[in-house]
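Taking full-length UniProt numbering, the leading residue of the sequence shown gets 1, the next gets one more, and so forth. For every residue, glycine included, the Cβ atom is placed at its ideal position computed from N, Cα and C. None of these values were measured; they are calculated from a predicted model. In what follows, a single structure is set out as structure tokens and then discussed.
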Amino acid sequence: MVIGYNVRWTCTSGPGGGGSNNPDPDPNPGSGGSGGSGDGGDDECYDCLPTEPIPGDEECTTSLCTLDTVLEPNALEAGTRLWMSSQYRQALLSDVLDFIIYENDNSDESKLFSIEGMEAERNGGEVDYEEKVIVDDSFKDNQCLMNVYEAMGKAPIFDNYLQNFDSDMSVANLKFGADPNFASNRDQKYNNAMAITNPPLNSNMINIDFNTDPSTSGNILNKPDVFKAVSLIHEVLHAEMCRKMLDAVRAAENNQTTLDWANDWTPIQFQQFVESLENKYFGIFDYYTRYDWDENAPNNAQHQQMAQHYRDVVKQTLTDYDPNFTAAQKEALSWIGLNSANIVAWQNLTPIEKQTINNTIQNIQNIFPNGCN
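Rendered as structure tokens:
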């Protein structure tokens, strides 16, 4: 094992003050750095000196070496490691090591998130290590999507749901992306979907992919901004349910069950999973036993539960996003993605109520602004 250092940095020089030209400046205490000139922003740190060695057999003298020690061998893609070796990445390197070592006690989940986060940032995305949310470059580069995302981030309810993924309480991470090849990457039945939430399979990353495929009717870039806002909260609600299900799986694993989220489950394993929900998340347990476990009932338990219990969350989020929406508009918008024949709550509406909602949705689509145009 190699000794590393923690991530409490001492800076011996600042921007323009004789920083090193070495992409991985020598961080040994007392080194003083090498000659050369530096230019950069106020938050760049030259000749950063890590302190407090992490116990091991052999001394590791650079922060990048510490990262190599903390992660599995060759965990970082070579190009990402080279990118991280730059002196301009010292602050990010500090954040990553702090996130893994101090905030998450070297957990495997934090290492996997950090690897994906560094690769996302290298490609132009952005990462919130506090809330464990990645916005990859495919999403960030769609400025009209980012504008709505940033506006939604100011909505307290939406932000509260994002905070459920932060380091202190979550077993899951969240990633936003945009897919211009949505049709070819998914079953044809999803072509009219504006987005899809992919549950964590062989990791704890929940991926929300937005449909930016011009060949599909669900292309979100052709929708008004309020549809994008509804899609964001709708998919984050899916992600929250997936987070709770993953938490139940982890609890079941701790009880020596045979559940394996990464592989197809046998009927017995699925039964174990559903039963593991009962004590922790009874609402999800109730809907899964009624709708996904009973072959004679309509499927899609998450949409059944959202239609019955979560539309008020959507309406309140829309109030936070834009207080000018009328009650009738928010009511109609809360049904987007849920107004289908197999949803029991939708079935329970009268024909006139359904028609009014659908007409309002269509009217909003026709006249409300789309920042992508």
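For ASP159 and VAL344, the rounded distance between their alpha carbons: Along the sequence shown, read from residue 1 onward, the residue named residue 344 stands at position 344. Along the sequence shown, read from residue 1 onward, the residue named residue 159 stands at position 159. Each residue's alpha carbon lies about 29 Å from the other.
Tell me the DSSP secondary structure of PHE273 in three-state form. In the sequence shown, counting from the first residue as 1, residue 273 sits at position 273. Three-state DSSP puts PHE273 in a helix.
For MET205, report the span of its beta strand (DSSP E) as first-last. Start at 1 with the first residue of the sequence shown, and residue 205 comes out as number 205. Counting along the chain, the beta strand (DSSP E) containing MET205 begins and ends at 205-211.
Tell me the rounded alpha-carbon separation between HIS234 and LEU162. Along the sequence shown, read from residue 1 onward, the residue named residue 234 stands at position 234. Along the sequence shown, read from residue 1 onward, the residue named residue 162 stands at position 162. Spanning the two alpha carbons is a distance of roughly 12 Å.
Just confirm the distance between the C-beta atoms of LEU232 and ALA178, as a whole number of angstroms; I'd bet it's less than 8 Å. Taking the sequence shown and counting its residues from 1, the one referred to as residue 232 is at position 232. Taking the sequence shown and counting its residues from 1, the one referred to as residue 178 is at position 178. In fact, because the Cβ distance is near 12 Å, the residues do not count as touching under 8 Å.
Mapping the DSSP letters down to three states, classify LYS244 as helix, strand or coil. To locate residue 244, count along the sequence shown from 1; it is residue 244. DSSP places LYS244 in helix when its eight states are reduced to three.
Separation of GLN308 from ASN204, as counted between CA atoms: Taking the first residue of the sequence shown as 1, we reach residue 204 at position 204. Taking the first residue of the sequence shown as 1, we reach residue 308 at position 308. Rounded to whole angstroms, ASN204 to GLN308 spans 28 Å at the Cα level.
Roughly how many angstroms separate the alpha carbons of ILE268 and GLN355, rounded to a whole number? Walking along the sequence shown from the start, residue 268 turns up at place 268. Walking along the sequence shown from the start, residue 355 turns up at place 355. Taking the straight line from one Cα to the other gives about 42 Å.
Where DSSP assigns a beta bridge to GLU331, which residues make up the other side? Stepping through the sequence shown from its first residue, residue 331 is reached at position 331. Answer is none; GLU331 lacks a bridge partner.
Unbroken stretches of the beta strand (DSSP E), 3 residues or longer, contained in the region 126-156: 126-128 and 133-135
Whole angstroms are fine: how far does the CA of ASN191 sit from the CA of GLN362? For the purposes of this step, residue 362 is identified with residue 362 of the sequence shown, where counting begins at 1. For the purposes of this step, residue 191 is identified with residue 191 of the sequence shown, where counting begins at 1. So the alpha carbons of these two residues sit roughly 19 Å apart.
Could you work out which residue in ALA229, PHE368, GLU240 and GLN302 is closest to TYR149 when comparing CA atoms only? One-based indexing of the sequence shown puts residue 149 at position 149. Of the candidates ALA229, PHE368, GLU240 and GLN302, the one whose C-alpha sits nearest the C-alpha of TYR149 is ALA229.
Candidates ALA78, PRO214 and ASN358: closest to GLU119 by CA position: Position 119 of the sequence shown, counted from the first residue, corresponds to residue 119. If we check each option's Cα against that of GLU119, ALA78 comes out closest.
Of the residues THR197, ARG81, THR212 and PHE165, the one placed nearest SER184, counting alpha carbons only: One-based indexing of the sequence shown puts residue 184 at position 184. Among THR197, ARG81, THR212 and PHE165, the Cα nearest to that of SER184 belongs to THR212.
Per-residue burial, ILE357 [other beta carbons within 10 Å of its own, 16 or more giving buried]: Within the sequence shown, residue 357 is the residue found at index 357, counting from 1. Result: buried.
Count the other CB atoms, across all protein chains shown, that sit within 10 Å of the CB of GLN87; report buried if there are 16 or more and exposed otherwise. Position 87 of the sequence shown, counted from the first residue, corresponds to residue 87. Answer is buried; the Cβ neighbour count reaches 16.
Can you tell me which of ASN254, VAL314, THR197 and ILE367 puts its alpha carbon nearest to the alpha carbon of LEU333? Position 333 of the sequence shown holds residue 333. Checking every option, the nearest Cα to that of LEU333 belongs to VAL314.
Sequence-distant residues of its chain with Cβ nearer than 7 Å to SER217 (five each side left out): In the sequence shown, the residue the question calls residue 217 occupies position 217. These residues qualify, in order along the chain: ASN191 and ASN192.
With a cut-off of 8 Å on the beta carbons, I'd call GLY125 and LYS111 a contact; round off their distance for me. Locating residue 125 in the sequence shown gives position 125, counting from the first residue. Locating residue 111 in the sequence shown gives position 111, counting from the first residue. About 18 Å separates the two Cβ atoms, so there is no contact after all.
Are the CB atoms of ASN370 and PRO224 within a distance shorter than 7 Å? Counting from 1 along the sequence shown, the entry for residue 224 is found at position 224. Counting from 1 along the sequence shown, the entry for residue 370 is found at position 370. Yes; because the gap between Cβ atoms is below 7 Å, this pair is in contact.
With 16 other Cβ atoms within 10 Å as the buried cut-off, status of ASN359: Numbered from its first residue, the sequence shown carries residue 359 at position 359. Label assigned to ASN359: exposed.
Reduced DSSP category for LYS280 - H, G, I as helix; E, B as strand; rest coil: Sequence index remark: in the sequence shown, residue 280 carries index 280 (1-based). LYS280: helix per DSSP, three-state reduction.
Would the beta-carbon of MET152 fall within 7 Å of that of TYR321? Residue mapping note: residue 152 aligns to position 152 of the sequence shown, counting from 1. Residue mapping note: residue 321 aligns to position 321 of the sequence shown, counting from 1. The answer is yes: Cβ separation under 7 Å.
Please state the DSSP three-state secondary structure of SER34. What you label residue 34 is simply residue 34 of the sequence shown in a count that begins at 1. Only weak support is given to the placement of SER34: the predicted model assigns it a pLDDT of 34, under 50, and the value that follows is read from those uncertain coordinates. If DSSP states are grouped into helix, strand and coil, SER34 belongs with coil.
ASN219: buried (16+ other C-beta within 10 angstroms of its C-beta) or exposed? Along the sequence shown, read from residue 1 onward, the residue named residue 219 stands at position 219. With 16 or more Cβ atoms within 10 Å of its Cβ, ASN219 is classed as buried.
CB-CB length for ARG240 against ASN164, believed under 8 Å: The sequence position of residue 240 within the sequence shown is 240, counting from 1. The sequence position of residue 164 within the sequence shown is 164, counting from 1. Here the sequence assigns Glu to residue 240, which means Arg is not the residue at that position. That belief holds up - the Cβ atoms of GLU240 and ASN164 are roughly 6 Å apart, short of 8 Å.
In DSSP terms, what THR69 is bridged to: Within the sequence shown, the letter at position 69 stands for residue 69. Answer is none; THR69 lacks a bridge partner.
In its own chain, which residues sit with a C-beta less than 8 Å from the C-beta of VAL171, not counting the 5 before and 5 after it? Within the sequence shown, numbered from 1, the residue matching residue 171 stands at position 171. Excluding positions up to five away in sequence, the list reads GLU109, ASN204, ARG243, LEU246, ASP247 and ARG250.
Is it buried or exposed for THR62, if we count other Cβ within 10 angstroms and need 16 for buried? Working through the sequence shown from its first residue, we reach residue 62 at position 62. Label assigned to THR62: buried.
Following the continuous alpha helix (DSSP H) through THR62, name the residue where it begins and the one where it ends. In the sequence shown, the residue the question calls residue 62 occupies position 62. No alpha helix (DSSP H) contains THR62, which DSSP labels as neither H nor E.
For the alpha helix (DSSP H) that contains ILE364, what are its first and last residues? Numbered from its first residue, the sequence shown carries residue 364 at position 364. Unbroken alpha helix (DSSP H) run through ILE364: 351-367.
For THR80 and PRO199, the rounded distance between their alpha carbons: Residue 199 sits at position 199 when you count from the first residue of the sequence shown. Residue 80 sits at position 80 when you count from the first residue of the sequence shown. Those two C-alpha atoms are separated by around 26 Å.
List the endpoints of the continuous alpha helix (DSSP H) containing THR317. Here residue 317 refers to the residue found at position 317 when the sequence shown is read from its first residue. Looking at the DSSP string, the run of the alpha helix (DSSP H) that includes THR317 is 311-321.
Proximity below 7 Å, CB of ILE206 to CB of LEU174: Translated into positions along the sequence shown, residue 206 becomes position 206. Translated into positions along the sequence shown, residue 174 becomes position 174. Going by C-beta atoms, ILE206 is nearer than 7 Å to LEU174.
For PHE176, write down the residues that DSSP places opposite it in a beta bridge. Within the sequence shown, residue 176 is the residue found at index 176, counting from 1. Its beta-bridge partners are VAL135 and ILE208.
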